[in-house]
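Protein chains in written order, with the numbering used here: chain G, 25 to 243; chain C, 25 to 243.
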DNA sequence: TCCTATTTGATATAATTTTATCGATTGGAG
DNA sequence: CTCCAATCGATAAAATTATATCAAATAGGA
């Protein structure tokens with residue numbers, strides 16, 4: 025409960041703890057238990073929890089589950105809902121728009137855009153607009169998060185438009201490595217990375233002794 | 025060109041280099057250039073390439089692009105095609121079955137299974153079978169890679185069935201943390217992790233000075 | 001009530017990963 | 001032909017991340 029700075033590696037593990045706790049029926053939960061279930065080092069989990077937990081845990085009992093959930097949500101910012109736009113409403117775009125689970129993570133897809141759309145339409149309850157209206161809408165609503173689900177050839181152009189409109193974080197589902205200014209964060213949803221790790225395992229050339237569960241894809 | 029063991033972090037970067045090179049028109053490509061474009065440290069890229077490159081690069085020119093692509097593919101095992109099965113043919117399952125891009129990564133989805141399927145059917149050119157036939161087919165075809173696209177409640181059961189049938193690597197798209205024996209690798213496709221990183225960035229509490237591009241979900 | 005086993009938080013050590021530095025090689029310009 | 005700049009590969013240093021160890025706290029049982 026001392027070090028309040030969070031390493032990227034820790035940040036990657038936190039959502040897993042949160043998910044785990046949300047599915048727990050217990051009143052208390054110890055770092056020891058979590059470590060065992062995730063096959064992580066016990067001290068590692070304890071340090072991770074120390075960063076987010078406001079009240080700390082009690083010896084012999086561990087952490088209060090509800091409290092810890094709430095601390096995790098606070099820390100990860102899932103309580104201040106982040107509005108997001110999505111560009112590209114093909115198969116994947118539609119799936120994401122209809123996916124309810126984002127609410128749990130503080131993400132709210134407020135509207136979509138697509139080059140092929142010429143007049144406003146609805147997908148579920150989400151409005152989809154022509155690309156031309158993006159900049160104005162994003163600026164007026166002060167939206168900072170953009171999701172890219174267009175194809176490779178359009179990704180950089182869409183990305184530039186987003187940045188021009190004031191977007192500061194981009195979740196990129198296109199198989200394209202976007203170039204962005206320093207202050208914009210790109211998070212790639214990288215199936216290729218996952219595949220590389222699986223493929224290497226299957227070809228049994230890497231030693232996974234120390235990586236019994238790879239939590240991230242990525243990472 | 026000395027150290028041949030590959031760290032997990034390096035392994036995560038390799039698919040990006042491969043993708044980048046495949047899209048290059050140049051004959052030669054230097055570690056310096058790649059590092060600049062990905063905003064990575066030059067030495068890091070050079071060390072990564074040293075692990076995979078068989079012939080090494082030439083001073084002043086860099087690496088032969090075609091040769092490096094081929095070395096990367098060899099290293100990642102994309103040349104020995106890995107057959108895979110997929111369990112769960114809902115929206116996501118169907119999308120993955122129809123996705124052509126896996127071929128580039130050495131993955132070949134040979135058949136699918138679903139609890140709701142009672143008699144064999146086709147999706148595109150891929151046969152879908154009832155769950156009951158999985159063990160027998162997987163064993164006969166000696167398939168080692170399984171893709172899980174079922175919902176949370178069924179994931180562990182499907183996972184157990186896969187392991188029982190001899191699957192050694194699992195690509196898990198369900199939002200469930202699977203428990204597996206030591207010798208089985210689980211790769212989670214972890215949108216939650218990506219979301220955590222984005223959300224934290226938007227709430228501006230983490231210092232990304234040293235992480236201009238997070239390559240993986242992730243990296 | 002006292003003892004014991006478990007868990008916490010803190011400190012210290014180890015391992016891994018990244019970054020800096022340097023001499024050697026080579027293609028191209030002058 | 002000689003020099004220069006770019007790049008390589010290697011070694012060393014720094015930074016980050018993971019793991020081990022230990023005293024203090026406490027719940028629960030003897």
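Quick reminder that beta carbons are idealized off the backbone N, C-alpha and C, glycines included.
Under 8 Å between C-beta atoms of residue i and residue j
{"i": "residue 116 of chain G", "j": "residue 195 of chain C", "result": "no"}
{"i": "residue 169 of chain C", "j": "residue 191 of chain C", "result": "yes"}
{"i": "residue 112 of chain C", "j": "residue 138 of chain C", "result": "yes"}
{"i": "residue 211 of chain C", "j": "residue 218 of chain G", "result": "yes"}
{"i": "residue 40 of chain G", "j": "residue 62 of chain G", "result": "yes"}
{"i": "residue 53 of chain G", "j": "residue 99 of chain G", "result": "no"}
{"i": "residue 130 of chain C", "j": "residue 103 of chain C", "result": "yes"}
{"i": "residue 134 of chain G", "j": "residue 167 of chain G", "result": "yes"}
{"i": "residue 132 of chain C", "j": "residue 105 of chain C", "result": "yes"}
{"i": "residue 208 of chain C", "j": "residue 193 of chain C", "result": "yes"}
{"i": "residue 220 of chain C", "j": "residue 35 of chain G", "result": "yes"}
{"i": "residue 171 of chain G", "j": "residue 110 of chain G", "result": "yes"}
Per-residue DSSP class, three states only, for residue i
{"i": "residue 123 of chain G", "result": "coil"}
{"i": "residue 207 of chain C", "result": "coil"}
{"i": "residue 190 of chain G", "result": "coil"}
{"i": "residue 227 of chain G", "result": "coil"}
{"i": "residue 38 of chain C", "result": "helix"}
{"i": "residue 177 of chain G", "result": "helix"}
{"i": "residue 134 of chain C", "result": "strand"}
{"i": "residue 93 of chain G", "result": "helix"}
{"i": "residue 146 of chain G", "result": "strand"}
{"i": "residue 117 of chain C", "result": "helix"}
{"i": "residue 19 of chain G", "result": "The structure shown does not extend to residue 19 of chain G, since chain G is modelled only from 25 through 243, so no value can be given for it."}
{"i": "residue 151 of chain C", "result": "strand"}
{"i": "residue 52 of chain C", "result": "strand"}
{"i": "residue 108 of chain C", "result": "strand"}
{"i": "residue 103 of chain G", "result": "coil"}
{"i": "residue 77 of chain G", "result": "coil"}
{"i": "residue 62 of chain G", "result": "helix"}
{"i": "residue 198 of chain C", "result": "coil"}
{"i": "residue 88 of chain C", "result": "strand"}
{"i": "residue 160 of chain C", "result": "helix"}
{"i": "residue 184 of chain C", "result": "helix"}
Residue i, buried or exposed, once every other Cβ within 10 Å from all chains shown has been counted against 16
{"i": "residue 198 of chain G", "result": "buried"}
{"i": "residue 37 of chain C", "result": "buried"}
{"i": "residue 60 of chain C", "result": "exposed"}
{"i": "residue 108 of chain C", "result": "buried"}
{"i": "residue 184 of chain C", "result": "exposed"}
{"i": "residue 77 of chain G", "result": "buried"}
{"i": "residue 67 of chain C", "result": "exposed"}
{"i": "residue 224 of chain G", "result": "buried"}
{"i": "residue 96 of chain C", "result": "buried"}
{"i": "residue 50 of chain G", "result": "exposed"}
{"i": "residue 206 of chain G", "result": "exposed"}
Rounded C-alpha distance that separates residue i from residue j
{"i": "residue 215 of chain G", "j": "residue 173 of chain C", "result": "14 Å"}
{"i": "residue 145 of chain G", "j": "residue 121 of chain G", "result": "13 Å"}
{"i": "residue 74 of chain C", "j": "residue 80 of chain C", "result": "7 Å"}
{"i": "residue 45 of chain C", "j": "residue 89 of chain C", "result": "6 Å"}
{"i": "residue 176 of chain C", "j": "residue 157 of chain G", "result": "38 Å"}
{"i": "residue 114 of chain G", "j": "residue 83 of chain G", "result": "52 Å"}
{"i": "residue 85 of chain C", "j": "residue 56 of chain C", "result": "10 Å"}
{"i": "residue 227 of chain G", "j": "residue 124 of chain C", "result": "22 Å"}
{"i": "residue 202 of chain C", "j": "residue 152 of chain C", "result": "24 Å"}
{"i": "residue 126 of chain C", "j": "residue 91 of chain G", "result": "43 Å"}
{"i": "residue 118 of chain C", "j": "residue 154 of chain C", "result": "15 Å"}
{"i": "residue 94 of chain G", "j": "residue 213 of chain C", "result": "24 Å"}
{"i": "residue 72 of chain C", "j": "residue 70 of chain G", "result": "33 Å"}
{"i": "residue 150 of chain G", "j": "residue 200 of chain C", "result": "28 Å"}
{"i": "residue 178 of chain G", "j": "residue 159 of chain G", "result": "17 Å"}
{"i": "residue 32 of chain G", "j": "residue 142 of chain C", "result": "46 Å"}
{"i": "residue 234 of chain G", "j": "residue 164 of chain G", "result": "Confidence at residue 234 of chain G is low in this model, with a pLDDT of 34, below 50, so the placement of that residue is unreliable and no value is reported for it."}
{"i": "residue 182 of chain G", "j": "residue 48 of chain C", "result": "21 Å"}
Residues in the stretch 179-202 of chain C having any Cβ partner in chain G nearer than 8 Å = Answer set for the stretch 179-202 of chain C: 192, 193, 195, 199 and 201.
What are the residues of the stretch 35-64 of chain C that lie near chain G, defined by any Cβ-Cβ distance shorter than 9 Å?
-> For the stretch 35-64 of chain C, residues whose beta-carbon sits nearer than 9 Å to a beta-carbon of chain G comprise 35, 36, 37, 38, 39, 40, 42, 43, 44, 47, 61, 62 and 63.
Closer than 9 Å, Cβ to any Cβ of chain C: which residues of the stretch 76-103 of chain G, in chain order?
-> Under the 9 Å Cβ criterion, the stretch 76-103 of chain G contributes 99, 100, 101 and 102.
At a Cβ cut of 7 Å, what residues of the stretch 167-178 of chain G count as close to chain C, listed as they run along the chain?
-> Residues 168 and 169.
With 8 Å as the C-beta to C-beta threshold (strictly closer), list the residues of the stretch 205-220 of chain C near chain G in chain order.
-> Per Cβ criterion, the list reads 206, 209, 210, 211, 212, 213, 214, 215, 216, 217, 218, 219 and 220.
Could you name the residues of the stretch 123-152 of chain C whose beta carbon sits closer than 8 Å to any beta carbon of chain G, in the order they occur along the chain?
-> Taking 8 Å as the Cβ-Cβ cut-off against chain G, the residues of the stretch 123-152 of chain C that qualify are 125, 126, 129, 130 and 131.
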